[in-house]
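Report on the structure given below.
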C-alpha cells in the first residue's frame, strides 16, 4: 500500500504556474483567457474525480480553503469532502473540512511517511515550493500539465532549477480547446 | 513574404542550452524527419553572433558530414552589434537597424529563413514582431542543472497560437507555434 503522488499544474509555454486562477500576480487568472474546450474540462473533471486526497503547500491551501467551501457542484463537492494534507509549520487549526496539517519542518520525510501510509492517488495542484521539494526527493510518480499557448515571461515556474536530471515517460498527450495541450508524464521506468 | 522559422530542441523545463548533454537519447527516425522537414522551402539561415562563431569554426572543418554541403551553400544572416565582418562562405552581418533590415530581407525574394538555436535573437525577433514560427521539439526530461532556458525570467508576455502538434514514439512532442494575430 502506497500512495501515488500526482503533480497537476496549469502552465504557460515558458513553464510559469503562478496564479492561473487568480491570486495576486502580474497576470492574475491568466489561464481563464484560453478556451480549454469540453475535452479540457472533461480532463480536469476526470482527474479530480480520480483523486483520493490532496497534498498541498501552505499558499495553495489558503487559496483553495478560501474558495472551495463557498462553491457548489461536482468539483466543489469532491474538493470539500476528500482528505487534504497541508505541509506547513505555521498553519494552526485548519478550518477546511477534512484537513490534516503535516507540521514537521522536514517536508520530504513527512510526505514519504504519508506516501507509505495513504492508499490511493494524492494530487498536488499548485504548491510550487512543495513540488520542487518532491521532485528533488524523487517522490513524484506522475505530472499532469495543461500547457497554455502563451509566454508569460514572469512568475514562479513549475520546474525551478533542480540539481538532478529526471527522465520521464510521456503517457498521454492531446490538444484540447484552442491550442491547449494536455500532457501526462510518468516516472521513466 | 519570407518567413522566419525558429527551431529548438527543448526540455520539459524549458532548457535549450547544451542539447549535446540531453538530446541524443531521443534522436530517432521521427525526429530526423522533423528536423529535415524544418528545412523544406528554406534557403537561408539566421543566427546570433554566438552561434555564428561556433558554426563558422565547426562546419568548414566538417564539410563531409551530413548537412555539411547544405551549410556551406546556405545564405547565413548573422545578427550582431559587434561583429564587423563574417568570413564564412555566404555569410552576411545584419547590424544597425536590424528590425528594418530584417523586414526588408523578409519582403525580398527567396525562400524561408530558418533558425536553429540563438535563443537571445529569437526572443528579440518575437518582441519585435519578426518571428513567424516557433517550433519546439519538447524532450521528456527535466534537465535542471542551471542550463539556460529559452525564456528566462523577466520577458515580456506574448500570446501564441498552437498551429500543429505531433507526438513521437519516444515521447518527444513536435509543437509548432506562431505569434497570435493581434486582436486590436
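Chains as they are written, first to last, in the working numbering: chain A, 153 to 341; chain B, 31 to 214.
By construction, the Cβ of each residue, glycine as well, lies at the ideal position given by its N, Cα and C atoms.
Since the structure is predicted, the reported quantities are computational estimates derived from the model, not experimental observations.
Asked	Found
Closer than 7 Å to chain A by CB, residue 118 of chain B	no
Alpha-carbon to alpha-carbon, residue 41 of chain B and residue 50 of chain B	12 Å
Distance between residue 165 of chain B and residue 241 of chain A (C-alpha atoms, nearest Å)	44 Å
Distance, residue 140 of chain B Cα to residue 9 of chain B Cα	Here chain B comprises residues numbered 31 to 214, so residue 9 of chain B is not present and cannot be evaluated.
Burial state of residue 213 of chain B, where buried means 16 or more other Cβ atoms lie within 10 Å	Caution is warranted here: a pLDDT of 48 is assigned to residue 213 of chain B, below 50, making its placement in the model unreliable, and the coordinate value is therefore given only provisionally. Label assigned to residue 213 of chain B: exposed.
Minimum C-alpha distance to residue 162 of chain A - residue among A/274, A/192, A/287, A/176	A/192
Supposed contact pair residue 46 of chain B and residue 178 of chain B - C-beta distance, whole angstroms, cut 8 Å	7 Å
Whole runs of the beta strand (DSSP E) within the stretch 211-251 of chain A, excluding any shorter than 3 residues	236-239
Contacts around residue 268 of chain A, its chain only, beta-carbon distance under 7 Å, and the 5 residues preceding and following it disregarded	154
Closest residue to residue 210 of chain B among B/198, B/202, B/196, B/190 (Cα-Cα distance)	B/190
Proximal residues of chain B, C-beta to C-beta of residue 260 of chain A below 9 Å	What residue 260 of chain A touches in chain B: nothing, since even the nearest Cβ is about 17 Å away.
Own chain, CB closer than 7 Å to residue 285 of chain A, minus 5 neighbours either side, in chain order	259, 260
Cβ-based neighbour list, residue 186 of chain B, same chain, cut-off 7 Å, excluding 5 preceding and 5 following	157
Outcome for residue 82 of chain B when other beta-carbon atoms lying within 10 angstroms are tallied against a minimum of 16	buried
Proximity test, Cβ basis, 7 Å: residue 319 of chain A and chain B	yes
Cβ contact check for the stretch 296-307 of chain A and the stretch 325-334 of chain A: 3 or more pairs under 8 Å	yes
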